[in-house]
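Encoded as structure tokens, the structure appears first; notes follow it.
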Amino acid sequence: MSWRITQLLLSILGLSAVTMTLVFTLTDLLPSQQLALFGFRFTPLSTTMVALISFIGWVVTRYAQTQFAESIDEQRFRRRLFATIAAILFTVISDHLLLFWLGWIAVSSSLHQMLVFYPERPRAVLAAHKKFIFARLAETLLATAFILFYLAHGTASIAELQTVTLTPLSYTAMTLLAIVALMKCAQLPVHGWLLQVVESPTPVSALLHAGIINLGGYLLLKFSPLLSQAIVAQWVLLVVAGLSLLIAASVTMTRVSIKVRLAWSTVAQMALMLVEIALGLYSIALLHLLAHSCYKAYAFLSAGSVVDQAERATLSGYQLPSLGAFTVAILLSLMIAAGLYAVGLITGLLAPWLAVFMALTLWFATQCRRQQPLLALKAVFWGVFWLALYKVVKTLLGYLLPEAQATLTALSAADLWISWLLLMVLTVYLVLSYQPYTAFSSRLFVALNAGFYLDEWATRMTLWVWPIALPHRSTPSTEVALHQSNGDTPSRSATQQGGH
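Heads up, the sequence shown is in UniProt numbering, so the first residue is 1 and it goes up one at a time.
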């Protein structure tokens, strides 16, 4: 199949999915009863994912068509890329447990072939080997969970399972699904492969970070009515994804290598998405999934221009916001928060609003660093605008999800745990930015830049369980590429320029 035919098919599929989503959302049709055929089911959630994957696939194929033009590897890469996109689409519309599991395996298998597209690169082969082991373990746990669901409720339909009350067997199955989602989303300590697959072709990285790594979140959103009944599964997500969020977000601040920094940010973003799901914020998690996918596809496909952007920032004399600007930013955020609370718009858990206003504060501080009152007022206007837009989109996306009852309350242990982690992320940012040369900050920088050596331990364990012979490094240029792809520790001054 040629590039143009595939792009045309993806365009038609994406437009059809958008149309179906609008029909399901704006009418009284019940998609779970209207469009089910041979184990596949089109629901507002699944058609939204089809539209997203079709769009990402269309963009990636257009980029790959140019990148591999006149290349002897063009046909081989095209077949593997098409197979991967087809497997993702197959998975997201599957309603039968067996079909969903087979699609899940197909995604991992086709992705593996793309990760080893350059088999002469030892780091790419090692990353694919680790991913292969983790994927097989996740698939085994997924199969076990699906078998337990079937034994407990006598149905293989996911739509029917969404309406059941959990039994001890299905409670265990839901906990296993939480673990599967953590592994699929490359949460610590099984994250290292995601950092090292940057040696794959750029379209592979874009598709991986935009349309594959988030399937763990899609899995939990699909089973959200059951997850809301499983407090153990929620806490597994809160603890593992919460700590992954803290570590990955902090490590991102210390990296200079563009693709490695993007990979660490994906780990952090997926952790935040899983935390949102665990807190019962399903519409926010779906918004996060969609926005992150589009942003990461753009970020990887435009990674080549980041160097130019960094040089322009250096030449323009970029400076961190002063502490005075931060004080003004905090006051502005508190004023907006007080106003929204007074009119009853701030309700529910503390953690999501804390995250929103932390982001607003950092943005306000950046805008106010020039000490121009008009610029501060402009920042406030845009801050209120984005908050209003966020509220509207969040409400609309709530109609796309299966009904699920959130069980966590404001200032509960889970809410306070995530709020504390978010404040710790902000603290690390302030320490590394404004106290970069103290003894504590230097030690913290070194530990974070190494990712606390978690991946080194995971690599040793995987090679102990399943050894593999890596290809030899053949040329000096390959040596340099491997050295750079690992995101080696830069000078502290370089990080201060490139990391903030």
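Ideal placement from N, C-alpha and C gives every residue a C-beta, glycine not left out.
Keep in mind that this is a model prediction, so the values were computed, not measured.
**OP:** Return the first residue and the last residue of the alpha helix (DSSP H) that Arg255 is part of.
**Re:** Run containing Arg255: none; DSSP gives neither H nor E here.
Original post:
Could you give the distance in angstroms between the alpha-carbon of Leu334 and the alpha-carbon of Met358?
Top reply: 10 Å
Subject >> Beta-bridge pairing of Ala36 - partner residues as DSSP gives them >> reply: Arg41
Subject >> Leu15, buried or exposed, once every other Cβ within 10 Å from all chains shown has been counted against 16 >> reply: exposed
Original post:
Quick one: what's Ser157 bridged to in DSSP?
Top reply: His96
Subject >> Nearest-angstrom Cα separation, counted from Leu272 out to Ser71 >> reply: 39 Å
Original post:
Using DSSP with H/G/I as helix, E/B as strand and the rest coil, what is Glu70?
Top reply: coil
**OP:** Report yes or no: do the segment 175-189 and the segment 117-130 share at least 3 C-beta pairs separated by less than 8 Å?
**Re:** no
Subject >> Straight-line Cα distance separating Ala138 from Thr175 >> reply: 13 Å
**OP:** Report the rounded CA-to-CA distance for Leu397 versus Ile213, giving the unit in angstroms.
**Re:** Their backbone Cα atoms lie some 21 Å apart in a straight line.
Subject >> Any alpha helix (DSSP H) of 4 or more consecutive residues that is wholly inside the segment 191-275 >> reply: 192-196, 202-207, 215-222, 224-227, 231-252
**OP:** Please look up how many angstroms separate the CB atoms of His280 and Ser200, rounded, as I've assumed it's under 8 Å.
**Re:** The displayed chain sequence assigns Gly, not His, to residue 280. Their Cβ separation, rounded to whole angstroms, is 36 Å, which puts Gly280 and Ser200 out of contact at 8 Å.
Subject >> Close-in-space but distant-in-sequence residues of the same chain around Gln234 (CB under 6 Å, 5 per side omitted) >> reply: Ala278
Original post:
Are the segment 235-244 and the segment 203-217 in contact at 8 Å, needing three or more beta carbon pairs?
Top reply: no
Subject >> Option nearest Gly216 by Cα separation, candidates Thr165, Gln7, Gln269 >> reply: Minimum Cα-Cα distance from Gly216 among the listed residues Thr165, Gln7, Gln269 corresponds to Gln269.
Original post:
Hey, out of Leu226, Val18, Val180, whose CA is closest to residue 521's CA?
Top reply: In this structure the chain extends from 1 to 500, so residue 521 is not present and cannot be described.
Original post:
Would you call Ser32 buried or exposed, if buried means 16 or more other Cβ atoms sit within 10 Å of its Cβ?
Top reply: Residue confidence is low: Ser32 scores 47 on pLDDT, short of 50, so the model does not pin down where it sits. No coordinate-derived value is stated.
Subject >> Assigned secondary structure, Thr347 (DSSP; H/G/I helix, E/B strand, else coil) >> reply: coil
Subject >> CB contact flag (Ala124, Leu115, <8 Å) >> reply: Result yes, Cβ atoms of Ala124 and Leu115 sit closer than 8 Å.
Original post:
Tyr118 by DSSP, collapsed to three states: which one?
Top reply: coil
Original post:
What do you get for Phe38, buried or exposed, if any count of 16 or more other CB atoms within 10 angstroms of its CB means buried?
Top reply: Counting the other Cβ atoms within 10 Å of the Cβ of Phe38 gives fewer than 16, which makes it exposed.
Original post:
Contact check, Ile158 vs Lys259 under 8 Å by CB: the rounded distance?
Top reply: Actually they do not touch by this definition, with Cβ atoms about 35 Å apart.
**OP:** Kindly list the residues whose CB is nearer than 7 Å to the CB of Ala64, restricted to its own chain and excluding five residues on each side of it in sequence; keep chain order.
**Re:** Counting only Cβ-Cβ distances below 7 Å, and skipping sequence neighbours, we find Phe77, Leu81, Pro203.
**OP:** Spatial neighbours of Asp95 within its chain, please: CB distance less than 7 Å, with the 5 preceding and 5 following residues excluded, ordered by chain position.
**Re:** Ala36, Gly39, Phe40, Arg41, Ser157, Ile158, Ala159
Original post:
Where does Leu389 fall in DSSP's three states?
Top reply: helix
Original post:
Does the beta-carbon of Ala291 have 16 or more other beta-carbons within 10 angstroms, so that it is buried, or is it exposed?
Top reply: With fewer than 16 other Cβ atoms inside 10 Å of its own Cβ, Ala291 counts as exposed.
Original post:
Can you tell which of Trp457, Val198, Ile147, Ile56 has its C-alpha closest to the C-alpha of Ala86?
Top reply: Ile56
Original post:
In chain order, what residues of the same chain lie with their CB nearer than 8 Å to the CB of Lys184, ignoring the 5 residues before and after it?
Top reply: Ala138, Ile213, Leu215, Gly216, Leu219
**OP:** Return yes when the Cβ of Leu141 is within less than 8 Å of the Cβ of Val180, no when it is not.
**Re:** yes
Original post:
Under a Cβ-count criterion, where at least 16 other Cβ atoms within 10 Å of its own Cβ denotes burial, should Gln435 be classed as buried or exposed?
Top reply: exposed
Original post:
According to DSSP, is Gly451 helix, strand or coil?
Top reply: helix
Original post:
What's the gap between the Cα of Thr27 and the Cα of Phe385?
Top reply: 29 Å
**OP:** For the alpha helix (DSSP H) holding Thr165, just list the boundary residues, first then last.
**Re:** In the DSSP annotation of this structure, Thr165 is not part of any alpha helix (DSSP H), being labelled neither H nor E.
Subject >> Cβ neighbours of Phe146 in the same chain (closer than 7 Å, five flanking residues each side left out) >> reply: Leu97, Trp101
**OP:** Report yes if the CB atom of Ala210 is closer than 8 Å to the CB atom of Ser293, and no otherwise.
**Re:** Result yes, Cβ atoms of Ala210 and Ser293 sit closer than 8 Å.
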